[in-house]
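Engineer: Below you'll find the structure I mean.
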Amino acid sequence: MSTLQRDPDDRVRVLDEDGRVVDGAEVPDLSDEELVEMYRQMRLARHFDQRAVSLQRQGRMGTYPPLSGQEAAQVGSAAAMDDDDWMFPSYREHGAAYVRGVDLAQTLRYWMGDERGNALEGLNIFPVAVPIATQILHATGAAWASNLKDGDDRNAFLCYFGDGATSEGDFHEGLNFAGVFDAPAVFFCNNNQWAISVPRERQTASETLAQKADAYGFEGVQVDGMDPLAVYQVTREAIEKAKAADPDGLRPTLIEAVQYRFGAHTTADDPSVYRDEEEVEKWKAKDPIPRLESYLRNTGVLDDEGVDAVTQSVEDEVAEAITEAESFERPEATDMFDYVFEERTERLEEQRAHLQRLRERHGDEELLE
Amino acid sequence: MSSTQNLTLVQAVRDGLKSEMQRDDDVLVMGEDVGKNGGVFRATEGLYDEFGEDRVIDTPLAESGIVGTAIGMAAYGLKPVPEIQFSGFMYPAFDQIISHAARMRTRSRGRFTCPLVVRAPYGGGIRAPEHHSESKEAFYAHEAGLKVVIPSTPYDTKGLLAASIRDPDPVIFLEPKLIYRAFREEVPDDDYTVELGEAAVRREGSDISLFTWGAMTRPSIQAAESVAEDGIDVEVIDLRTLKPMDTDAILESFEKTGRAVVVHEAPKTGGLAGEITATIQEEALLYQEAPVNRVTGFDVPYPLYALEDYYMPEDTRIEDAIRETYEF
């Protein structure tokens, strides 16, 4: 039986909290190299996150939404996608974006306030969506378009959003349209328990978020979102189903990945106001990184030397990305006029020329004071 | 010579959609009741039979869903033309229009664009229930990244709709439903475009410039004809595109007349008459011989139809404003 057909409150797990394979669980078919790479990507996401928070604290970067605790959900799901599949992120998926080929320096650049960080030429990734749940409709629309345009060569479209997003109307409309038009979409809910300060219980009286899929006529599955192998397995099945539907079922899947945000909602948030340290510690016992590390050590895939090599590699890569991101020149002042429309309107030309005259008259230093 | 048909404005909408769908396989129509039913105003009549259910799509009843999925489709290479049944029901889709359709090109540095056209009947005067009569063009014109088009004749409707569909950026296409069937005009069978951003001079004149659009164009022309009997020569300019606005046409006319009246159904405060007035102040102050006179709806929630005729500007009110401005 596919894991997607399990009862929604029967949470899919592969590794227990100590990294041992759960009784009866099937370990996904990944090579040692793939497993080590998944571990490295999770370590990199964690290290990147810590450095990014620190950059913000030092005034070197603006507000930033941290991801620590959510590495398994991001890396496990992104790793399950095929090359041509499309990803629709919210604003916290820096780890998933990295797995899909986005340079860390680009991610930093975006959070450093430079729109050029969103230029993801050649990658099948939509730009970051800040308004909650709105990107779900874009994923459904693009997936539906793939049905209309691509025929049997359709891609899968994976959309990330949080537990809070499931309360929004666009969540309902996006999943409802996906069901009606049988769109090849995977709706990946990062249920990290908290929508800023509002707990999951305050979002819905539903027992699980996964069960909401029932109402749209397709499968919903709850997975341990801090178990990278379980996340990979469930997402892989959902991607395959999206592309080659069972004649008796619909293509879309709602995945609820149960996890925890170890840190703040953003660097502007103080979680100690609304949640106990005790709760955080309880969830830290489920930390996905030591779990996968234990599994890899126990199976002989990784040893001290291998772990040290990963540590060195992620530290170097992140340091290099920070140096690169901080070396970018500020965009040209007139850049903001260039992508409003395909061609600048007369009024945009006038305003652009006005800004240039101001710069000439006063100099950038005085204008930006 | 190519053949023409004598069409109403709403028939020209249908004809415009049909020609563009014949011309480009990526163009599709989606919305509530647009398929088998042919649209509540018949604007998509016959298209379902001609193009099938994958290109004339009956959607669930959900405006944000319609526009939001259209954005995803547009980014994936299709050219959706979503219909919102009445512009008063566009607000659930407002977030998608403002936060995403208008910003996608900037946000993605030109990689993803939203070449979609959101069509909606708008405006008052049809004895409709609440929420069916408003004119909210200023909301959309205010937003960077959106174009706003309002036709006033059948010929322009087909040509402007074609230009909007071919435009690489999102267009809000508001159709004056009061004049959907008010009159007919010869409309070519072949496809053609009327350039966006170009106003049309509907009546040449030398004393006063009257700027208007949509269903207000006809009473404005009527008022102009009426005052002409007293020797007041009004130039009536139909802006047709409200964003980008043809300020050259506005200024050219104003520099000739030195006096202006602006007519729109939308409430006065924050309405586009203010934008036109400010443009005249900024660019043509020294030509000005009278205050710019704004003839608009009142700053009240659009009244139910027992009082609607007091709300809607019509030829008498417009005529009054013309005379005031002339006599100043």
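First to last, the sequence lines map onto chains A and B.
Numbered according to our numbering, the first sequence terminates at residue 374, and the numbering increases by one at each position without gaps.
Numbered according to our numbering, the second sequence terminates at residue 707, and the numbering increases by one at each position without gaps.
For every residue, glycine included, the Cβ atom is placed at its ideal position computed from N, Cα and C.
Give a yes or no on whether 7 Å exceeds the smallest Cβ distance from A:LEU259 to chain B.
Structural biologist: A:LEU259 does not count as touching chain B.
Engineer: Quick check: the stretch 633–652 of chain B against the stretch 663–682 of chain B, are at least 3 beta-carbon pairs closer than 8 Å?
Structural biologist: Contact holds: three or more Cβ-Cβ distances are below 8 Å.
Engineer: Any idea which residues DSSP pairs A:LEU20 with across the strands?
Structural biologist: A:VAL26, per the DSSP bridge assignment.
Engineer: From A:TYR265 to B:ALA628, what distance separates their C-alpha atoms?
Structural biologist: Their Cα atoms are separated by approximately 59 Å.
Engineer: Could you tell me which of B:ASN385, B:SER487, B:TYR681 and B:PRO623 sits nearest to B:TYR501, measuring between CA atoms?
Structural biologist: The candidate whose alpha carbon is nearest that of B:TYR501 is B:TYR681.
Engineer: Could you work out which residues of chain B lie near A:ASP175, taking near to mean beta carbons separated by less than 9 Å?
Structural biologist: SER443, GLY444, GLY447, ASP474 and GLN475, listed in chain order.
Engineer: Per DSSP, which residues does B:GLU565 bridge with? Please list them.
Structural biologist: According to DSSP, which records beta bridges pairwise, B:GLU565 is partnered with B:ASN385.
Engineer: Please list, in chain order, all residues of the same chain as B:ASN385 whose beta carbon is under 8 Å from its beta carbon, the five residues on each side excluded.
Structural biologist: Correct list, in chain order: ARG563, GLU564, GLU565 and VAL566.
Engineer: What would DSSP say about A:THR366, mapped onto helix, strand or coil?
Structural biologist: Position check: residue 366 of chain A holds Arg in this sequence, whereas Thr was assumed. It is helical.
Engineer: Please state whether DSSP places B:LEU651 in a helix, a strand or coil.
Structural biologist: Three-state DSSP puts B:LEU651 in a helix.
Engineer: Got a sec: is the Cβ-Cβ distance from A:VAL345 to anything in chain B below 7 Å?
Structural biologist: True, the Cβ-Cβ gap to chain B drops below 7 Å.
Engineer: If A:LEU259 sits next to A:GLY230, beta carbons under 8 Å apart, how far is it from one beta carbon to the other, in whole angstroms?
Structural biologist: Actually they do not touch by this definition, with Cβ atoms about 13 Å apart.
Engineer: Report buried or exposed for A:LEU372, applying the criterion of at least 16 other Cβ atoms within 10 angstroms of its Cβ.
Structural biologist: A:LEU372 should be labelled exposed.
Engineer: Ignoring anything shorter than 3 residues or poking outside the stretch 616–669 of chain B, list the beta strand (DSSP E) runs there in chain order.
Structural biologist: List check, beta strand (DSSP E) in window: 620–622 and 639–646.
Engineer: Establish whether the CB of B:MET409 and some CB of chain A are separated by less than 7 Å.
Structural biologist: False, the Cβ-Cβ gap to chain A never drops below 7 Å.
Engineer: Anything in chain A within Cβ reach of B:PRO461, meaning under 8 Å, just list it in chain order.
Structural biologist: Under the 8 Å cutoff, chain A gives no residues; its nearest Cβ is about 10 Å from B:PRO461.
Engineer: Run down chain B in chain order and give the residues with a C-beta less than 8 Å from the C-beta of A:ASN123.
Structural biologist: Within chain B, the residues near A:ASN123 are ARG486, SER487 and ARG488.
Engineer: Can you tell me which of the three DSSP states B:GLY414 falls into?
Structural biologist: Here B:GLY414 sits in coil by DSSP.
Engineer: Could you pull the start and end residues of the beta strand (DSSP E) that B:ASP437 belongs to?
Structural biologist: Start and end: 435–437.
Engineer: Buried or exposed: where does B:LYS415 fall if 16 or more other Cβ atoms within 10 Å of its Cβ makes it buried?
Structural biologist: So B:LYS415 ends up on the exposed side.
Engineer: Would A:VAL185 pass as an interface residue toward chain B - the criterion being a Cβ-Cβ separation below 7 Å?
Structural biologist: Cβ-Cβ to chain B under 7 Å: yes for A:VAL185.
Engineer: When you compare each of B:GLU554, B:ASP694 and B:GLY410 to B:ALA391 by their alpha carbons, which one comes out closest?
Structural biologist: Answer by Cα proximity: B:GLU554.
Engineer: Taking C-beta pairs closer than 8 Å, name the residues in chain B that A:HIS143 reaches, listed in chain order.
Structural biologist: Ordered by position in chain B, the residues that pass the 8 Å Cβ test against A:HIS143 are GLY447, THR448, ILE450, GLY451, ALA454 and HIS479.
Engineer: Starting from B:ILE551, follow its DSSP beta bridges and name the residues at the other end.
Structural biologist: Paired residue(s): B:VAL497 and B:VAL527.
Engineer: By alpha-carbon positions, which one of A:MET341, A:GLU320, A:ARG302 and A:ASP340 ends up nearest to A:LEU109?
Structural biologist: Per the Cα distances, A:GLU320.
Engineer: Give me the DSSP bridge partner(s) of A:GLU402.
Structural biologist: Residue coverage of chain A in this structure runs from 6 to 374, which leaves residue 402 of chain A outside it and unanswerable.
Engineer: Are A:VAL17 and A:GLN46 touching if we call contact CB-CB under 7 Å?
Structural biologist: Result no, Cβ atoms of A:VAL17 and A:GLN46 do not sit closer than 7 Å.
Engineer: Any beta carbon from chain E within less than 7 Å of B:GLY524's own beta carbon?
Structural biologist: Absent from the structure: chain E. Protein chains present are A and B.
Engineer: How should B:ASP428 be labelled, buried or exposed, when 16 other C-beta atoms within 10 angstroms of its C-beta is the threshold for buried?
Structural biologist: B:ASP428 is exposed by the Cβ-count criterion.
Engineer: Below 7 Å between beta carbons: does that hold for A:GLU76 and A:ALA50?
Structural biologist: Contact flag set, yes.
Engineer: With distances taken between CB atoms, is the gap from B:SER398 to B:ASP570 smaller than 7 Å?
Structural biologist: Cβ atoms of B:SER398 and B:ASP570: closer than 7 Å.
Engineer: Quick check on A:ASN129 - is its C-beta less than 7 Å from some C-beta in chain B?
Structural biologist: It does not; no Cβ of chain B falls within 7 Å.
Engineer: Would you kindly report the start and end of the unbroken alpha helix (DSSP H) that includes A:PHE182?
Structural biologist: First-last of the alpha helix (DSSP H) with A:PHE182: 174–185.
Engineer: What are the boundary residues of the beta strand (DSSP E) that B:ILE587 is part of?
Structural biologist: Its beta strand (DSSP E) spans residues 587–591.
Engineer: Check the Cβ-Cβ distances between B:PRO549 and every residue of chain A, and say whether any is below 7 Å.
Structural biologist: B:PRO549 does not count as touching chain A.
Engineer: Going by alpha carbons, who is nearest to B:GLY518 out of B:ILE476, B:ASP394 and B:ILE505?
Structural biologist: Strictly speaking, residue 518 of chain B in this sequence is Phe, with Gly absent from that position. When each option's Cα is compared against that of B:PHE518, the closest is B:ILE476.
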